[in-house]
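J.: Encoded as structure tokens, here's the structure I'll be asking about.
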Amino acid sequence: MNATPGDRFFSALEATVREVDPQIAEALLGERQRIDRGLELIASENFVSPAVLAAMGSVMTNKYAEGYPGKRYYGGCEFVDVAEELARERAKQLFHCDHVNVQPHSGAQANMAVYLATCQPGDVVFGMDLSHGGHLTHGHPLNYSGKTFQIHPYLVRRDTETIDYDALRDMARQYRPKLIVCGASAYPRIIDFETIAAIAHEVGALVMADIAHIAGMVAVGLHPSPVPHCEFVTTTTHKTLRGPRGGMVMCQAPFAEALDKAVFPGVQGGPLMHIIAAKAVAFAEALTPAYRSYIQQVLTNARVLCESLMELGWRMVSGGTDNHLMLINLGADGISGKKAEERLGLAGITVNKNTVPFDTRKPYIGSGIRIGTPAVTSRGMGPDEMRRIASLIDRVLRSEDEAVWAEVKQQVLELTRAFPIYGSC
Ligand SMILES: *Cc1c(COP(=O)(O)O)cnc(C)c1O
């Protein structure tokens, strides 16, 4: 095979590391091969462009830049200021928000900053229950959010497995929260941010919408935006947004100063300027028509994969999907989520186990698996491949025979060979 620009980029990168550290170079190559030869269906993962990778691997990693553009605690910030200004401007263009802070190192830290900007220890906070689709940072007892605040988790309805907005309203009237957290990690349906904000505002609560998973759809207008309704909107930049691993917080103008103080010096020190530069690059990409088509394809692929699995007899939480992910409910007496994850892994298909609403198994075992299409769509796969993937998943889950799993792995290799990513390896 002829060397592509991608091949040259990655072999130069690995060769540079190899001169100093052959063990890490080997691990880097191994990871690139794992990506290339497997089906990545973890809903929170994606593949960034070489331009985003290059910005992440740049000299801006060296710079201390505590503070904000124009108001830094260190000299020599003129070029990192350019990067942060561009990241902020482009984020505003993408999401139409009043103010944005692009410094959070991760989604968890973005959320922590909002808690710090809005709540005191012991305040009443609502978050969606983890096993119903929420995130650890939305009030789980083992997370700082659950340890610091008085958390009341809200749930999905048993019949529809969609958010129980009526119960949420009743809870809000009863407990008068300071903050309602909405947004999810494992929820396949549209979230009605407008209704949640109305519920919160009726009782004088603030709202934080965490769009970590669905940011890409929100950016291109294929999911209703929380920005006009919610005081704070947090996100990761590495999921559907397809940028570097990191976080970001948007807020309405009156909260701008409190938010910036909460990020720095509240919860962080020096910002990761190389990552902020890469965020700017990813946002520029997300502003293109090509990115909009990509997100459309992610949604089409999720719908086709979901329908194909349902036709094969699998039960989906909430009966389908409106976004980039779906949850198979494997059933209380079926194969567990943990077993399903392990077995699919042996066949070259990467998913994660997940609890389903009202699960009777422990979170580490789970009765479901979560499947998402952002990564496979980034390597160019479409509806035909989704139908093929559904049948491969079906074969693996229904068979106890290791030979069948190995045979599926061969088919995964064949399928992925036609959709190379990050050069050939
Ligand atoms: C992924 C995710 C986060 C956390 O992001 P990290 O960067 O892993 O800290 C927060 N909230 C939601 C809803 C998520 O899905």
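For reference, each letter of the sequence shown is one residue, going 0 to 424 in this note's numbering.
Ideal Cβ placement from N, Cα and C applies to all residues, glycine included.
1. Under DSSP, the alpha helix (DSSP H) around P288 begins and ends at which residues?
2. Beta-carbon within less than 6 Å of M385's beta-carbon, same chain only, minus the 5 sequence neighbours each way: which residues are those?
3. Examine ligand 1 and report whether any of its heavy atoms sits within less than 7 Å of the Cβ of G246.
4. Give, in chain order, every unbroken run of the beta strand (DSSP E) that is at least 3 residues long and sits entirely within the stretch 151-234.
5. Between the stretch 252-262 and the stretch 277-285, do at least 3 Cβ pairs fall closer than 8 Å?
6. Three or more beta-carbon pairs under 8 Å between the stretch 316-327 and the stretch 211-220, yes or no?
7. Nearest to A218 by alpha carbon, out of R387, F94, G245, A166?
8. Along the chain, where does the beta strand (DSSP E) containing F254 start, and where does it finish?
9. Out of P68, Y73, A90, G74, state which residue places its alpha-carbon closest to the alpha-carbon of V81.
10. At a cut-off of 7 Å, is T320 close to ligand 1 when judged by its beta-carbon and the heavy atoms of the ligand?
11. Quick one: Cα of P187 to Cα of E25, how far?
12. Does the distance from the C-beta atom of I190 to that of A171 stay below 8 Å?
13. Taking the C-alpha atoms as reference points, what is the distance between L40 and V375?
14. Let me check understanding here. Comparing Cα to Cα, which of G347, R369, M309 lies closest to D408?
15. Can you tell me whether S105 sits near ligand 1, meaning its C-beta is under 7 Å from at least one heavy atom of the ligand?
16. Give every residue of the same chain whose Cβ lies closer than 7 Å to the Cβ of I108, excluding the five residues on either side of it in the sequence, and list them in chain order.
17. Just to confirm the assignment, what range does the alpha helix (DSSP H) spanning V316 have?
18. Going by beta-carbon coordinates alone, are V248 and A112 separated by less than 8 Å?
19. Report all residues from its chain with a CB closer than 7 Å to the CB of E83; omit the five preceding and five following residues, and keep chain order.
20. Taking only three categories from DSSP, how would you classify V262?
21. Relative to the alpha-carbon of A208, which residue among I195, M216, H200, T159 has its alpha-carbon at the smallest distance?
22. Alpha carbon to alpha carbon, how far is V206 from C96? Give it in angstroms, no decimals.
23. Distance check for S43 and L329, CA to CA, integer angstroms please.
24. Using a 10 Å radius around the Cβ and a threshold of 16 neighbouring Cβ atoms, would you call L258 buried or exposed?
25. Hey, how far is the Cα of N61 from the Cα of K260?
26. Would you tell me roughly how many angstroms separate the C-alpha atoms of V155 and P362, rounded to the nearest one?
27. Does any heavy atom of ligand 1 sit closer than 7 Å to the C-beta of D332?
28. Under a three-way DSSP split, which group does V99 fall into?
29. What's the call for Y72, buried or exposed, on a 16-neighbour Cβ count within 10 Å?
30. Could you give the C-beta distance for I368 and V350, rounded to a whole number, given that I count them as a contact under 8 Å?
31. Taking the Cβ atom as the reference point for each residue, do A64 and V47 lie within a distance shorter than 8 Å?
32. Run the CB neighbour count on S366, radius 10 Å, all protein chains shown included, and call it buried at 16 or more, exposed below.
T.: Considering the structure as presented:
1. The count along the sequence shown starts at 1 and reaches residue 288 at position 289. P288 -> alpha helix (DSSP H) spans 288-310.
2. Position 386 of the sequence shown, counted from the start, is the residue given in the question as residue 385. Result list for M385: N300, V303, L304, in chain order.
3. Counting from 1 along the sequence shown, the entry for residue 246 is found at position 247. Yes, the beta carbon of G246 sits closer than 7 Å to at least one heavy atom of ligand 1.
4. 178-181, 205-209
5. no
6. yes
7. Position 219 of the sequence shown holds residue 218. Selected option, being the one with the closest Cα: F94.
8. Taking the sequence shown and counting its residues from 1, the one referred to as residue 254 is at position 255. Element bounds for F254: n/a, residue is neither H nor E.
9. Counting from 1 along the sequence shown, the entry for residue 81 is found at position 82. Ranking the options by Cα distance to V81, first place goes to P68.
10. Working through the sequence shown from its first residue, we reach residue 320 at position 321. No, ligand 1 has no heavy atom inside 7 Å of this Cβ.
11. Start at 1 with the first residue of the sequence shown, and residue 187 comes out as number 188. Start at 1 with the first residue of the sequence shown, and residue 25 comes out as number 26. So the two alpha carbons sit approximately 37 Å from each other.
12. For the purposes of this step, residue 190 is taken as residue 191 along the sequence shown, with counting starting at 1. For the purposes of this step, residue 171 is taken as residue 172 along the sequence shown, with counting starting at 1. No; because the gap between Cβ atoms is not below 8 Å, this pair is not in contact.
13. By 1-based counting over the sequence shown, the position of residue 40 is 41. By 1-based counting over the sequence shown, the position of residue 375 is 376. For L40 and V375, the distance between alpha carbons rounds to 7 Å.
14. In the sequence shown, the residue the question calls residue 408 occupies position 409. Reading the sequence as shown, one finds Lys at residue 408 and not Asp. Among G347, R369, M309, the Cα nearest to that of K408 belongs to G347.
15. One-based indexing of the sequence shown puts residue 105 at position 106. Yes.
16. The residue given as residue 108 occupies position 109 in the sequence shown. With the sequence shown as reference, residue 108 is identified as Gln, and Ile is not the correct amino acid for it. Closer than 7 Å at the Cβ level, and outside the excluded window around Q108, lie G246, V266, Q267.
17. In the sequence shown, counting from the first residue as 1, residue 316 sits at position 317. Unbroken run through V316: none, as it is neither H nor E.
18. Start at 1 with the first residue of the sequence shown, and residue 248 comes out as number 249. Start at 1 with the first residue of the sequence shown, and residue 112 comes out as number 113. It is a contact, given that the beta carbons lie within the stated cut-off.
19. The residue labelled residue 83 in the question sits at position 84 within the sequence shown. P68, V101, I275, listed in sequence order.
20. Within the sequence shown, residue 262 is the residue found at index 263, counting from 1. If DSSP states are grouped into helix, strand and coil, V262 belongs with the helices.
21. Residue numbering aside, residue 208 sits at position 209 when the sequence shown is read from its first letter. The shortest Cα separation from A208 among I195, M216, H200, T159 belongs to I195.
22. As a first step, residue 96 is located in the sequence shown; it is residue number 97 there, counting from the start. As a first step, residue 206 is located in the sequence shown; it is residue number 207 there, counting from the start. In a straight line, the C-alpha of C96 is about 15 Å away from that of V206.
23. Residue 329 sits at position 330 when you count from the first residue of the sequence shown. Residue 43 sits at position 44 when you count from the first residue of the sequence shown. Rounded to the nearest angstrom, the two C-alpha atoms are 20 Å apart.
24. Reading the sequence shown from its first residue, position 259 is the one you call residue 258. Buried is the call here.
25. The sequence position of residue 61 within the sequence shown is 62, counting from 1. The sequence position of residue 260 within the sequence shown is 261, counting from 1. Computed Cα separation, rounded: 23 Å.
26. Here residue 155 refers to the residue found at position 156 of the sequence shown. Here residue 362 refers to the residue found at position 363 of the sequence shown. When rounded, the distance between both Cα atoms is 17 Å.
27. The count along the sequence shown starts at 1 and reaches residue 332 at position 333. No, Cβ of D332 sits at least 7 Å from all heavy atoms of ligand 1.
28. One-based indexing of the sequence shown puts residue 99 at position 100. Here V99 sits in strand by DSSP.
29. If you number the sequence shown from 1, residue 72 lands on position 73. Answer is exposed; the Cβ neighbour count stays below 16.
30. Locating residue 368 in the sequence shown gives position 369, where the first residue counts as 1. Locating residue 350 in the sequence shown gives position 351, where the first residue counts as 1. Yes, I368 and V350 are in contact; Cβ-Cβ is about 5 Å, under 8 Å.
31. Locating residue 64 in the sequence shown gives position 65, counting from the first residue. Locating residue 47 in the sequence shown gives position 48, counting from the first residue. No.
32. Start at 1 with the first residue of the sequence shown, and residue 366 comes out as number 367. Buried.
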